[in-house]
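Taking it in order: structure first as structure tokens, then the write-up.
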């Protein structure tokens, strides 16, 4: 906004050069992933470093989808990520609502505890979690992953939901309650529709976080039929480290859900962080 | 406490004749309880168990040798050369990752704070790396550094950075730069977003006044932009440092801590000890050490902040 009207030409050139640099830096790795995925196997080595393949094929994708276990990994990941996103958003909405609308004993302690969970290395609890899950007989089950991811994401999601609730005037509920609604009715009829964007953003955040989590999934899942996508891809890499085209095709497939959600939450990303920043 | 100030009691509630105590002390916990129960059961409880593990011998491969051993794990840790290497590597990894993420993020934020054609699309595209799942970022960069299918070694050789196109991830002297570059790629959008938000909160009049007074762009940057951003920079860098120091995924996937432990940081050391050796006692000991280091760091930073704010 600061009056940038008459700038020196070199300044303008420099600016567009910088823009180009950022764009190439951000997109080139993804482009390369896609490029290898659509290069026919025969050309991968001979055209290893060419920017464009001379021939294009979708064979790698069809092989990955129909002849490997990736469809199963994909389904497992989808179940885990959607499950975690759903429960996290539900519980975080409740907690965020409580933080936004009530002053009560213990509030500060609970907020402090939630902040602490964001600070310490979660890897610290990987050993105890493994033992607990093993003793419950839940190793290799998607349920254990859903529970773990839900708990990990609740603190951040709670703060996010709280900032969305803070943006909804309290008077609206008060008016509804004055008109005879119970608090729950007021929530359902007045607050819920207004929070939909916030709920959507939280769902998106947790989904992408759960979709890419690797280390806990690696620890808790060892059976092939319960593997999530990251675990499956990593075992695939160490097992058949020669089939580059297929691996990259699988990588491209793993990228799709995250990118879809990202496009969806992009708007709220800036908004959410901005409101967080303004409040300090 | 609201309960003691009847003024804020809203009409609907008195009509419902619920006791104020119930209203204000119990009701919030109705909304909070699922979150509290889960965090307690899945994070806090295992955390305490984990600290207790560091005083025990728990190796899944030696089930009969388990039991309380006092500080033995910590004594071992003190004389563990791998631990000290990992400590050094953690500092190197965190420092260079955060430096480049911050500088490039600041540059991007300042660009996004100006006007240009196609800005919305540009923003969506440059933020894209953040949406890429971390394991996939790691694999992609590992592939880019592989001379068989990636272009980077050939380019670096052509520029004279490398004597011949080989994989830097296999070179103990350079291997750490692979994950660092991947981490910078992945983390720039985060810094750009937070700094952009802070930039947009700087009042425009300040810049107008500076221009009227004939300030150069550099002066405007150092005298207005930086001082306004400083608090935001401080808090973001601090939080991000802790986060990056804990961030094991990239390194674990790209190099697994090798070659010859040259990329082993504390968090990957925790993970490989737990995951590969199944030595839970020792893994928890390293974890406690990392926690203590991070705590000391946070305390120093908060203390510095207090000192600087006073002046």
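Chains as they are written, first to last, in the numbering used here: chain A, 12 to 291; chain B, 166 to 476. Beta carbons: idealized from backbone N, C-alpha and C, even for Gly.
Asked, Found
"Option in B:448, B:337, B:267, B:276 with minimal Cα separation from residue 403 of chain B", "B:267"
"Coil, strand or helix - residue 254 of chain A by DSSP", "coil"
"Rounded separation between residue 315 of chain B and residue 309 of chain B - CA only", "4 Å"
"Residues near residue 92 of chain A in its chain [Cβ-Cβ closer than 6 Å; skip 5 each side]", "218, 221, 222"
"Interface residues of chain B facing residue 269 of chain A [CB-CB closer than 9 Å]", "296, 297, 298, 301"
"Under the three-state DSSP convention, the category residue 289 of chain A falls into", "Note on residue 289 of chain A: pLDDT 38, under 50, position unreliable in the model; no value is reported."
"Segments of 3+ residues assigned as beta strand (DSSP E) that fall wholly inside the segment 113-165 of chain A", "none"
"Host alpha helix (DSSP H) of residue 414 of chain B (start-end)", "414-419"
"Per DSSP, the bridge partner or partners of residue 350 of chain B", "According to DSSP, residue 350 of chain B bridges with nothing at all."
"Supposed close pair residue 262 of chain A, residue 244 of chain A - CB separation, criterion 8 Å", "7 Å"
"Runs of beta strand (DSSP E) wholly within the segment 259-346 of chain B (minimum 3 residues, chain order)", "none"
"First and last residue of the uninterrupted alpha helix (DSSP H) at residue 32 of chain A", "20-49"
"Cβ-based neighbour list, residue 413 of chain B, same chain, cut-off 8 Å, excluding 5 preceding and 5 following", "430, 432, 433, 435, 436"
"Residue 244 of chain B in three-state terms, based on DSSP", "coil"
"Beta-carbon proximity of residue 427 of chain B to residue 337 of chain B, cut-off 9 Å", "yes"
"C-beta contact flag for residue 199 of chain B and residue 115 of chain A at 9 Å", "no"
"Those residues which DSSP pairs with residue 232 of chain B across a bridge", "B:222"
"Under 7 Å by beta carbon: chain A residues contacting residue 196 of chain B", "105, 106, 108, 109"
"Separation of residue 55 of chain A from residue 197 of chain B, as counted between CA atoms", "54 Å"
"Residues bridged to residue 444 of chain B [DSSP beta-bridge criterion]", "B:224"
"Whole-Å CB distance - residue 161 of chain A paired with residue 228 of chain A, under 8 Å assumed", "Actually they do not touch by this definition, with Cβ atoms about 14 Å apart."
"Test: residue 60 of chain A CB closer than 9 Å to a CB of chain B", "yes"
"Residues near residue 364 of chain B in its chain [Cβ-Cβ closer than 6 Å; skip 5 each side]", "274, 278"
"Alpha-carbon to alpha-carbon, residue 254 of chain B and residue 153 of chain A", "35 Å"
"For residue 204 of chain A, the nearest candidate out of A:176, A:186, A:191, A:216 (CA to CA)", "A:176"
"Segment contact, 8 Å Cβ cut-off, at least three pairs: the segment 375-391 of chain B with the segment 72-91 of chain A", "no"
"Closest residue to residue 235 of chain B among B:424, B:470, B:332, B:447 (Cα-Cα distance)", "B:447"
"Residue interval of the alpha helix (DSSP H) (run including residue 190 of chain A)", "Per DSSP, residue 190 of chain A belongs to no alpha helix (DSSP H) and is neither H nor E."
"is_contact[residue 387 of chain B, chain A] using C-beta, thresh 9 Å", "no"
"Residue range of the unbroken alpha helix (DSSP H) whose run includes residue 394 of chain B", "391-411"
"Which of helix, strand or coil DSSP assigns to residue 235 of chain A", "helix"
"Beta-carbon spacing of residue 167 of chain A, residue 216 of chain A below 9 Å", "yes"
"Nonlocal neighbours in the same chain, by C-beta distance under 7 Å from residue 231 of chain A, ignoring five residues either side", "141, 144, 150, 155, 156"
"C-beta neighbour in chain B for residue 238 of chain A, strict 9 Å", "no"
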